[in-house]
Amino acid sequence: MSGQASTRAVPMATSSRWSLLVVRLDRSAGAVFILPAVLVILTFSIFPLLASLYVSLTRLSFSEGGIHLTFVGLGNYAKLVVGIDRTHFIGVTVPLTPLTAAVLFVVYGGFAFLLVRYLRGPGRSVLGFVGRLVTAVIAGALVWLVVDTVMTSGRPGTLVVTLIYVSVDVSVQYLLALGLALLVVQRLPGRRLFRVVFLLPMMITPVGVAYLFRMLTDTSKGPLYPLWAHFGLTDVSWVTNPWGARLAVMIGDVWQWTPFIFIVLLASIESLPVELNEAAVVDGANRWQMFWAITFPQILPATATVVLIRLIEAFKIVDLPNVLTNGGPGTATESLTLHAYTIWRALDIGGSAAVAYMLLIVVTFVGIAYVNLFRRRVAAMA
Amino acid sequence: MAATRARRHRSYAINRPSPAVTVLSYALLVTWAVVVLFPLYWLAVTSLKTPLDVNGGPFYFPFRDFKPTLESWRYIFVDLGEDTFRPYLNTVVVGLTSTAITLLLGSMAAYGLVRMHYRVRFAAIASFVAGLLAAVAVIAAGGPWQLALPGGFALFLLLLQTVARRFKRALGNDDIAFWMISQRMLPPVAVVIPIYIFFQQLSLLDTWAALIISYVAAHLPIVVWLMRDYFQSVPLELEESAAIDGASRYRIFRSIVLPLAVPGLVATFLFVLVFAWNEYLIALFLTSANAQTLPLTVAAQNATRGPQWWYMSVLILIMITPVIAMAIALERFIARGLLVGAVKG
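Keeping their order, the protein sequence lines are chains B and V.
Counting from 177, one number per residue, gives the positions in the first sequence under the numbering used here.
Counting from 905, one number per residue, gives the positions in the second sequence under the numbering used here.
So this is what it looks like as C-alpha cells:
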C-alpha cells in the first residue's frame, strides 16, 4: 500500500518541482535566449582584439633564444599615414586640379546642404548634429582621397583601392541581386531551376573562385581567347593594366557574392504576406507601382541588413587580388587585407596588425554611419 | 462566393506575367544563368583534360576539340585517396556541426533581440573591461592565465555589485546587435595568431573542436542579424495569443516563431554552411594533418610547378556537389505563402 502511495507521490513531486523550474526559466527567458551567443562572441572577440592591438604597437625582431616584441608606440601607424609606407597605403596625392576641385565642391556642397537641412528639421539634437558633423568630415576626407588619387595623375594606395572595390562591388551586387530576385518570384515555369543555378557561385570556396577566374582571364589559353584575338588584345594581358586588373577582380567578386544578396532578398520577398498585393491589384495598381509602394518598403529592413553584412565582408577582400593578380601590376589591385597579408608574410607582424587596425577603424566608421543614418531610419519606418 | 473566387483568381494572377514580360524575363534569366554556368562548365571540361590540353590553348568541347580523360579524377580519388577523403570527412563534420550550433544559438539571440528589451549598463561594461585589463596585466607580467582569468572575473563581479549599481546609463538592443556584427570587422589576418595561441593553450590544435568553435564564433553575428529581420516579420498577434493560452517563451519560440521563419532559416542555414564549408585562413592555421579541410587541399594544388588546374577543377567540383544537393533539397522551403492566412484565424 505504502509503496503504491510513494510511487504516486514521486511523479507529483517531480512535476511540481519541474513546473517551478519552468516558471523560473520563463522569467529569465531574456537572458537564456541571448547569453549563449554573447558569451561565445565575447570569448572569441576580446582576446584577438586586444592581442592584435598590442602587436600593432610593437616591432617583431629575432634575437638569441627566439622572437622579441619591441614596443614602438604608434610607430607602425605613423609609417602608414606619414612615413615610408604612405604611398603604399594612401597613395600618391597631388595638388588640386580644376576637375577635382569641381567634384569636391559639389560633394562638400551636398554634405553642407544635408547638415543645414538637419539643423532646420524637426528632430535635431546636439548629439545628432555633432555625430553628423564628424561623419561629414571623415567622409569628406575619404572622398578627397579617392578623387585626388583616381581622377588625377596620382596613384591610389591600398586604402583607396579597397574603398573602390567595396563601393562598386556592393552596389552592383545589390542591383543585380534585386533584379534577379524579382524575376524569379514571378510565376514562370522553371523558376526553381534558376533559383538553384543562381546560388552556385557562392558555394565555391573563395580560393577556388580566384583560381577559376585566373583560368578564365588568361588571354592566351583561356576560354575567352577568341574574344581577345578579335580585339587584338592577346599581347596586352589585361591583368597588366591597372584598371583592367581591378575590373577583373571586381567582376570576380560580383560573380561570387551576388547570390548572397539574392538569396536574402528572395527569402524576404517570399515571406511577405500576399494580402497587400491582392488589395493593390483590386485597386488597379500596375507592377511598377506595386513594387515601389508595397514590396520595396517591406524588404527594406532585409536590404539594410544584407548590405551592411556585405559591406563589412567586402572590405576584407583578399583571395581574388592575391591569386588573380598578386596585387599587381605594382600595388594597383592590392586591397587592405592583402596589404596586411603581404607585409605579414615579410614578418612585419606589427605593421600588419597596424594595417588591420586601420581597416577596422575605417569599417567601424562606415558601419556606424550606415547604421545611424540609414538602418535606424528604415527600422523606424517598418 | 463568386467575389472571393474572383479575388483568389486575381491573386494568382499577380505574379503571372504577360507574354511580353515573360519573354523578357526569360531572356534576362538565361543570360545570367549563362554567366553563372559557363565558368562551372569550364571547370568540368578542365577536369577532363590532360595538362597538355589545358596548356595547348582553349579547347571547348570534349571529343570534338580534345580527347577527354578521367586521369585527374583517378589521381584525386585513387592516388591521393586518403588525402582526399579525410579532408572531405572533416569538411562535412565541421561544416554541418558548426552550422547547426550557430543556427541554434544565433536564432535564440536574434529572437531575444527582436522581442525582448535588454539594458546593459555602461557601468557594467566598464567593470568588465576593468576586470579584463587586470587579468591581461597579470598575464603580461608573466602570471599564469589559469589564475589571472578567474581573478579578473572576480574583480568584475565585485565592481558590478558595488560601484556599477550607482550608474544608470544603459545600452539597448540595437547597440548589442551592432557590437555583435562589429566582431566581423577585423580582418582574419589579424585574428588568426591570437586564435592559434588560444587553441594551443587548450591543446585543441588540429581537432574538429577547434574549427567548430571558431566557426560558430565567427558566423554567429551573421545569423543573429539575418534572423532578426525574419523574426520581425512574424506577426506579433500569433505570439500574444499563444502567450495568453499559457505557452512559455520557449514554447512560443519553438512551435510558432521558428516554423514561421522557415524561409529565413533555410536561407541562413545555406550560407552559414557555405561559409564554414569554404573557410580557408582559420583552417590553415588551426589544422595540420588530421583536421585539414578541403579548401586547403584545393589551395595545395598550386604546387611549385604552377597551379595544377586539372586537379583543382576536380576538387572544386566534388567540393560543391553536396552543397548543391543541399540547396536543391532546401530550395522549396524558400517559398511564398507560409504566412498566408495565419493572422486571420
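Built from N, CA and C at the ideal position, the CB exists for glycine as well.
Check, Outcome
"For the region 500–515 of chain B, enumerate the residues whose C-beta is nearer than 7 Å to any C-beta of chain V, in chain order.", "513"
"I need the DSSP call for residue 243/B, collapsed to helix, strand or coil.", "strand"
"Taking residue 1084/V as part of the alpha helix (DSSP H), name the residues at either end of that continuous run.", "1077–1086"
"Within this structure, are the beta carbons of residue 141/B and residue 503/B separated by less than 8 Å?", "The displayed coordinates of chain B run from 177 to 558. Any statement about residue 141/B would go beyond what the structure contains."
"Ignore the nearest five residues each way along the sequence and tell me which others in residue 1181/V's own chain have a CB closer than 7 Å to its CB.", "995, 999 and 1227"
"Nearest CA to the CA of residue 1223/V: which residue from 305/B, 349/B and 381/B?", "381/B"
"Go to residue 951/V, then tell me how far its alpha helix (DSSP H) extends in each direction, as first and last residue.", "923–951"
"Can you pull the DSSP bridge partners for residue 268/B?", "331/B"
"Are the region 1093–1102 of chain V and the region 528–544 of chain B in contact at 8 Å, needing three or more beta carbon pairs?", "yes"
"Spatial neighbours of residue 370/B within its chain, please: C-beta separation below 7 Å, excluding the five flanking residues on both sides.", "360"
"What residues from chain V crowd round residue 375/B, counting only those whose CB sits closer than 7 Å?", "1231"
"Run through chain V and tell me which residues come within less than 9 Å of residue 310/B, C-beta to C-beta.", "The contacting residues do not exist; residue 310/B stays about 17 Å from chain V at best."
"Using beta carbons (cut-off 8 Å, strictly below), is residue 490/B in contact with chain V?", "no"
"I'd like to know if residue 333/B contacts chain V, where contact means its C-beta is closer than 8 Å to some C-beta of that chain.", "no"
"On the DSSP bridge assignment, give the partners of residue 428/B in chain order.", "Looking at the DSSP assignment, residue 428/B forms no beta bridge with any residue, so it has no partner."
"Where does residue 1206/V sit, in a helix, a strand or coil, going by DSSP?", "strand"
"Is residue 517/B near the ligand GTP - that is, is its Cβ less than 7 Å away from at least one heavy atom of it?", "Inclusion of the ligand GTP in the displayed structure is not the case, the ligand content being empty and no account of it being possible."
"Check whether the Cβ of residue 1214/V lies closer than 8 Å to any Cβ atom in chain B.", "no"
"If you draw a straight line from the C-alpha of residue 1020/V to the C-alpha of residue 1133/V, how long is it?", "14 Å"
"Using a Cβ-Cβ cutoff of less than 6 Å, which residues in the same chain neighbour residue 1191/V once the five nearest sequence positions on both sides are dropped?", "1110"
"Applying a beta-carbon distance threshold of less than 9 Å, which residues of chain B neighbour residue 1228/V?", "372, 375, 376 and 379"
"Please list the partners that residue 520/B has in chain V, where partner means a Cβ-to-Cβ separation under 7 Å.", "1093"
"Does the beta-carbon distance from residue 341/B to residue 488/B come in below 8 Å?", "no"
"Under 8 Å Cβ-Cβ, which residues of chain V neighbour residue 532/B?", "1090, 1091, 1093 and 1094"
"Out of 951/V, 921/V and 927/V, which has the shortest C-alpha to C-alpha gap to residue 1214/V?", "951/V"
"Alpha carbons only, please: which of 1167/V, 1158/V and 1193/V is nearest the one belonging to residue 1112/V?", "1193/V"
"By DSSP, does residue 405/B sit in helix, in strand, or in coil?", "helix"
"Quick check on residue 235/B: does DSSP put it in helix, strand or coil?", "strand"
"Residues of the region 240–268 of chain B in Cβ contact with chain V at a cutoff of 8 Å, in chain order, please.", "none"
"Counting only C-beta atoms, is residue 387/B closer than 8 Å to chain V at any point?", "yes"
"Taking 8 Å as the cut-off, decide whether the C-beta atoms of residue 528/B and residue 1087/V are in contact.", "no"
"8 Å is my cut-off, CB to CB: does residue 1235/V come that close to chain B?", "yes"
"Step through the CB atoms of chain V and report whether any lies within less than 8 Å of the CB of residue 418/B.", "no"
"In its own chain, which residues sit with a C-beta less than 8 Å from the C-beta of residue 287/B, not counting the 5 before and 5 after it?", "312, 315 and 316"
"Would you verify that the beta carbon of residue 486/B is, or is not, closer than 8 Å to some beta carbon of chain V?", "no"
"Based on the DSSP output, what are the partners of residue 1025/V in its beta bridges?", "1074/V"
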